[in-house]
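Heads up: the sequence shown begins at 1 in my numbering, then just goes up one per residue. Ideal Cβ placement from N, Cα and C applies to all residues, glycine included. In what follows, a structure is listed as structure tokens, so that the remarks can point back to it.
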Amino acid sequence: MMEIHGIDLNTILFAFGITLFAGLSTGVGSALAFFAKRTNTRFLSVSLGFSAGVMIYVSLIEIFAKARTSLTEVYGVREGYWYTVLAFFAGIALIAIIDKLIPSMENPHELKSIEDLSKSPDELKAKKLMRMGLFTALAIGIHNFPEGLATFMAAVTSPHLGIAIAVAIAIHNVPEGIAVSVPVYYATGSKRKAFWYSFTSGLAEPVGALVGFLLLMPFLGPTLFGVLFAGVAGIMVFISLDELLPSAEKYGEHHLSIYGLIAGMVVMAVSLLLFV
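Rendered as structure tokens:
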């Protein structure tokens with residue numbers, strides 16, 4: 001079997017495939033906005049909580065542990081642990097800075113619902129809405145880039161881990177797709193254009209995977225692997241606490257989001273145990 005940088009070609013193609021699946025699920029959110037009559041807030045709340053549970057559990061139990069093991073092999077127990085913790089918080093800092101640089105109006109964390117489509121265009125300024133939709137698409141693209149890198153690197157190292165991360169990210173990309181499509185539809189009156197902008201905003205994830213493959217794979221040793229995985233864990237924890245759980249609570253009841261969170265942790269724990 002052909003190998004690239006010491007990794008089986010099928011594994012690399014699989015990693016690209018699930019990263020593409022995760023990214024393009026923004027299109028699912030857009031489609032839901034047009035074909036559903038109302039937002040199923042209870043289901044969305046549980047789903048977002050579930051996604052947060054998967055990401056938090058896998059980040060703190062599996063990814064952080066892999067990063068620590070890799071770095072302690074190179075630097076010893078004490079220094080390796082320090083570097084793991086520093087890389088973890090560096091990942092949090094990176095995604096927090098990206099989040100801070102995006103104006104609040106265009107931030108994908110500002111929720112949109114399917115019901116927003118029922119408002120008349122006269123209530124809102126088309127030009128302002130178009131700008132909001134385009135900047136939201138750009139903001140989601142920026143957010144999705146490190147997510148794509150995280151999914152790809154995890155899938156290359158451990159396919160079942162990559163699948164878990166891809167599914168969690170795909171779930172949280174659905175409301176982001178709604179966030180792009182609603183204002184663009186309002187501004188243009190075109191469902192096709194709204195769907196296209198929403199769909200393409202998810203392409204940043206496979207682009208992140210491609211950058212990871214081209215730039216990082218040739219240098220992927222224990223140190224780089226450990227730093228990357230610890231950083232990825234930090235990014236995913238931040239996304240879960242800053243995006244997913246607040247969104248889950250705004251879409252539904254507090255307890256629904258927590259039930260979803262716990263269910264996500266349980267499912268992730270069981271799936272990891274099956275591969276021990």
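Inter-residue spacing [alpha-carbon to alpha-carbon] between residue i and residue j
{"i": "Gly-264", "j": "Val-58", "result": "10 Å"}
{"i": "Ala-339", "j": "Leu-86", "result": "Because residue 339 is not part of the residues shown, which for the chain are 1 to 276, the question remains open."}
{"i": "Leu-161", "j": "Ser-190", "result": "38 Å"}
{"i": "Asp-242", "j": "Leu-101", "result": "15 Å"}
{"i": "Ile-165", "j": "Met-55", "result": "7 Å"}
{"i": "Tyr-185", "j": "Lys-193", "result": "7 Å"}
{"i": "Asp-99", "j": "Ile-61", "result": "25 Å"}
{"i": "Pro-206", "j": "Tyr-75", "result": "32 Å"}
{"i": "Gly-221", "j": "Thr-72", "result": "13 Å"}
{"i": "Ser-247", "j": "Ala-52", "result": "10 Å"}
{"i": "Met-268", "j": "Val-174", "result": "20 Å"}
{"i": "Ala-233", "j": "Phe-88", "result": "6 Å"}
{"i": "Val-237", "j": "Ser-30", "result": "26 Å"}
{"i": "Arg-78", "j": "Ala-90", "result": "18 Å"}
{"i": "Leu-134", "j": "Thr-11", "result": "34 Å"}
{"i": "Ala-96", "j": "Leu-215", "result": "23 Å"}
{"i": "Val-182", "j": "Arg-131", "result": "12 Å"}
{"i": "Leu-210", "j": "Lys-250", "result": "34 Å"}
Assumed close pair residue i, residue j - CB separation to whole angstroms, cut-off 8 Å
{"i": "Ala-230", "j": "Ala-67", "result": "4 Å"}
{"i": "Ile-7", "j": "Leu-94", "result": "In fact, because the Cβ distance is near 25 Å, the residues do not count as touching under 8 Å."}
{"i": "Gly-148", "j": "Gly-17", "result": "At roughly 12 Å, the Cβ-Cβ gap does not stay under 8 Å, so Gly-148 and Gly-17 are not in contact."}
{"i": "Phe-195", "j": "Ser-70", "result": "Not a contact, Cβ separation roughly 41 Å."}
{"i": "Leu-256", "j": "Arg-42", "result": "6 Å"}
{"i": "Val-46", "j": "Tyr-259", "result": "6 Å"}
{"i": "Ser-158", "j": "Thr-26", "result": "Not a contact, Cβ separation roughly 25 Å."}
{"i": "Ile-140", "j": "Glu-176", "result": "5 Å"}
Under the three-state DSSP convention, the category residue i falls into
{"i": "Ser-190", "result": "coil"}
{"i": "Glu-176", "result": "helix"}
{"i": "Glu-147", "result": "helix"}
{"i": "Leu-216", "result": "helix"}
{"i": "Glu-253", "result": "coil"}
{"i": "Ser-158", "result": "coil"}
{"i": "Gly-202", "result": "coil"}
{"i": "Val-94", "result": "With the sequence shown as reference, residue 94 is identified as Leu, and Val is not the correct amino acid for it. Residue state, collapsed to three classes: helix."}
{"i": "Gly-141", "result": "helix"}
{"i": "Leu-24", "result": "coil"}
{"i": "Ser-274", "result": "First, the amino acid is wrong: residue 274 is Leu here, not Ser. If DSSP states are grouped into helix, strand and coil, Leu-274 belongs with coil."}
{"i": "Pro-121", "result": "Confidence at Pro-121 is low in this model, with a pLDDT of 48, below 50, so its placement is unreliable and no value can be given for it."}
Residue from the options with nearest C-alpha to residue i
{"i": "Ser-201", "options": "Val-180, Val-270, Val-167 and Ile-18", "result": "Val-180"}
{"i": "Ser-240", "options": "Gly-141, Ile-92 and Leu-203", "result": "Ile-92"}
{"i": "His-172", "options": "Phe-21, Ile-12 and Leu-48", "result": "Leu-48"}
{"i": "Leu-272", "options": "Leu-44, Gly-141 and Ile-163", "result": "Ile-163"}
{"i": "Ile-169", "options": "Phe-14, Ile-258, Leu-20 and Ser-198", "result": "Leu-20"}
{"i": "Thr-151", "options": "Leu-274, Leu-228 and His-254", "result": "Leu-228"}
{"i": "Phe-145", "options": "Leu-134, Ala-204 and Gly-177", "result": "Ala-204"}
{"i": "Tyr-83", "options": "Leu-274, Thr-223 and Val-266", "result": "Thr-223"}
{"i": "Gly-208", "options": "Ala-154, Phe-50 and Ser-198", "result": "Ala-154"}
beta-carbon residue i near the ligand MN non-hydrogen atom, thresh 8 Å
{"i": "Leu-48", "result": "This structure lacks the ligand MN, and indeed carries no ligand of any kind."}
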